[in-house]
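J.: Per UniProt numbering, the very first residue in the sequence shown carries number 1; after that it's consecutive.
Take a look at the following structure, please.
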Amino acid sequence: MIGISIRDLTVSFGELKILENISFEVQAGEIVTILGPSGCGKSTILRCISSLHNEYTGEIYLNETCLVNNGKRECNTDIGYIFQDYALFPHLSVKENIEFALYKLKSNEKKEKVESLLKQFDLEVHANKQIHELSGGQQQRVSIARVLAYEPKVILLDEPFSNLDTILRNKTKIWLKKMIKDLGLSAILVTHDQKEALSMSDKIAIINNKKIEQFGTPFELFENPSSFYVANFLNRVN
Ligand code: ADP
Ligand code: MG
């Protein structure tokens, strides 16, 4: 089943073009990773998909419905965005941060939903703590719970593991992957870390010089890099 499809995304800042004709698809239940060095435009791709940035050409489709055409939103859908720094409200409690995402629900429905999310994310004992009282891993779980509260079909993850220590990172990777599969989300993950991309992804898009240099499964990219750049980036060349 087709999930989200990005078609010919081209972005410039002033005179400077930073992305050119970026096209790829993410099926439901699939994780596609955008891999490339710092500054190559990875976060910009996510910002365009989530309408935080609107000055671009190209189209974004969800299940064949056009969401955005040349930066102009054609129809509304909830796209979950997990920011690198989690973007939680520091002056609100864990519970209040999750409730914030559920403003559309009636109060009894809201209460039920918050309780079920707190349970699902193993955050019940932290419900009334302020965000600054939590560890990095706990804060990240709150930010994911808050995003999933709207039941999005698409989830965008910008360097989601970079603030976690190694043990927590490995645990979170396994948990996140399972959750994406179980809920059938289309996930786009952004990272500059080759190992992370190889272990997390169903498919990888390697960005080089404004374009997708190669798109394929981790196995395809690792076994059959299409260029020296890809081989070098995946540490296939010493
Ligand atoms: P990445 O996430 O791969 O590190 P970004 O998408 O954040 O890269 O940025 C890509 C390039 O676009 C960088 O050179 C950055 O400086 C530039 N850039 C990002 N946002 C803006 C902006 N709002 N105005 C001007 N330049 C920007
Ligand atoms: Mg970035």
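Just so it is clear, CB atoms sit at the ideal spot from N, CA and C, and this is done for glycine as well.
1) Do V190 and the ligand MG come close, with the Cβ less than 7 Å from some heavy atom?
2) Find out if the Cβ-Cβ distance for the pair Y81, V11 is shorter than 8 Å.
3) Mapping the DSSP letters down to three states, classify E133 as helix, strand or coil.
4) Counting only runs of 4+ residues fully inside the stretch 63–118, write out the alpha helix (DSSP H) ranges in chain order.
5) In chain order, what residues of the same chain lie with their CB nearer than 6 Å to the CB of N69, ignoring the 5 residues before and after it?
6) Would you be able to state if there are at least three C-beta pairs under 8 Å between the stretch 185–195 and the stretch 25–37?
7) Measure how close the beta-carbons of H132 and P90 come, nearest whole angstrom, since I'm counting them as under 8 Å.
8) Going by the C-beta, is G39 closer than 7 Å to any heavy atom of the ligand ADP?
9) Identify every residue that forms a DSSP beta bridge with D158.
10) Counting only the same chain and skipping the five closest in sequence on each side, list residues whose C-beta sits under 7 Å from that of Y86.
11) Quick check on the burial criterion: 16 or more other C-beta atoms within 10 angstroms. Buried or exposed for E213?
12) Per DSSP, R7 forms a beta bridge with which residues?
13) Beta carbon of S199, beta carbon of K173: below 8 Å?
14) Taking 7 Å as the line, does the beta carbon of G136 fall inside it for any heavy atom of the ligand ADP?
15) Which whole-angstrom value describes the C-beta separation of K42 and I207, a residue pair presumed to lie in contact below a C-beta threshold of 8 Å?
16) So what does DSSP say about L234, is it helix, strand or coil?
17) Of all the options G184, D182, P152 and A205, which has the alpha carbon lying nearest to the alpha carbon of D193?
18) Using the Cα positions of V26 and S38, report the straight-line distance between them to the nearest angstrom.
19) Apart from the five residues on each side of it in sequence, which residues of its chain come closer than 6 Å, Cβ to Cβ, to V154?
20) Report buried or exposed for C75, applying the criterion of at least 16 other Cβ atoms within 10 angstroms of its Cβ.
21) By the DSSP assignment, the beta strand (DSSP E) with residue 239 in it spans what residues?
22) From the DSSP output, which residues share a beta bridge with I212?
23) Determine the direct distance from the alpha carbon of K178 to that of R47, and round the result to whole angstroms.
T.: So, to answer that:
1) Residue numbering aside, residue 190 sits at position 190 when the sequence shown is read from its first letter. In this structure, the C-beta of V190 approaches the ligand MG to less than 7 Å from one of its heavy atoms.
2) In the sequence shown, the residue the question calls residue 81 occupies position 81. In the sequence shown, the residue the question calls residue 11 occupies position 11. No, these two residues do not count as a Cβ contact at 8 Å.
3) Taking the first residue of the sequence shown as position 1, residue 133 is located at position 133. Three-state result, E133: helix.
4) Counting whole runs of 4 or more residues, the stretch 63–118 contains the alpha helix (DSSP H) stretches 94–100.
5) Against the sequence shown, residue 69 aligns to sequence position 69. Close CB contacts of N69 within its chain, under the 6 Å cut and outside five residues either way in sequence, are with E59 (chain order).
6) In this structure the stretch 25–37 touches the stretch 185–195; the number of beta carbon pairs closer than 8 Å is three or more.
7) Counting from one through the sequence shown, the residue named residue 132 turns up at place 132. Counting from one through the sequence shown, the residue named residue 90 turns up at place 90. Confirmed, about 6 Å.
8) Taking the sequence shown and counting its residues from 1, the one referred to as residue 39 is at position 39. The answer is yes for G39.
9) Translated into the one-based positions of the sequence shown, residue 158 becomes position 158. The partner list for D158 (beta bridge, DSSP) reads V190.
10) Reading the sequence shown from its first residue, position 86 is the one you call residue 86. For Y86, where only same-chain residues beyond five positions count, the Cβ hits under 7 Å are Q139, Q140 and S143.
11) Working through the sequence shown from its first residue, we reach residue 213 at position 213. Taking a 10 Å sphere around the C-beta of E213, we find 16 or more other C-beta atoms and assign the residue as buried.
12) For this step, residue 7 is matched to residue 7 along the sequence shown. Residue pairing by DSSP puts R7 in a beta bridge opposite E59.
13) Working through the sequence shown from its first residue, we reach residue 199 at position 199. Working through the sequence shown from its first residue, we reach residue 173 at position 173. Their beta carbons are under 8 Å apart, which means S199 touches K173 by this criterion.
14) For the purposes of this step, residue 136 is taken as the residue at position 136 of the sequence shown. Flag unset: Cβ of G136 not near the ligand ADP.
15) Locating residue 42 in the sequence shown gives position 42, counting from the first residue. Locating residue 207 in the sequence shown gives position 207, counting from the first residue. The Cβ separation is near 7 Å, so the contact holds.
16) Position 234 of the sequence shown, counted from the first residue, corresponds to residue 234. In the structure shown, L234 sits in coil (DSSP, three-state: anything other than H, G, I, E or B).
17) Locating residue 193 in the sequence shown gives position 193, counting from the first residue. With distances taken between Cα atoms, D193 lies closest to A205.
18) Position 26 of the sequence shown, counted from the start, is the residue given in the question as residue 26. Position 38 of the sequence shown, counted from the start, is the residue given in the question as residue 38. Roughly 23 Å between the two C-alpha positions.
19) Taking the first residue of the sequence shown as 1, we reach residue 154 at position 154. Cβ neighbours of V154 within its own chain (closer than 6 Å, five residues either side excluded): I4, I79 and S186.
20) For the purposes of this step, residue 75 is identified with residue 75 of the sequence shown, where counting begins at 1. Exposed.
21) Nothing can be reported for residue 239: it is not among the residues displayed for the chain, which extend from 1 to 238.
22) What you label residue 212 is simply residue 212 of the sequence shown in a count that begins at 1. In the DSSP assignment, I212 forms a beta bridge with I207.
23) If you number the sequence shown from 1, residue 47 lands on position 47. If you number the sequence shown from 1, residue 178 lands on position 178. Each residue's Cα considered, the two are about 25 Å apart.
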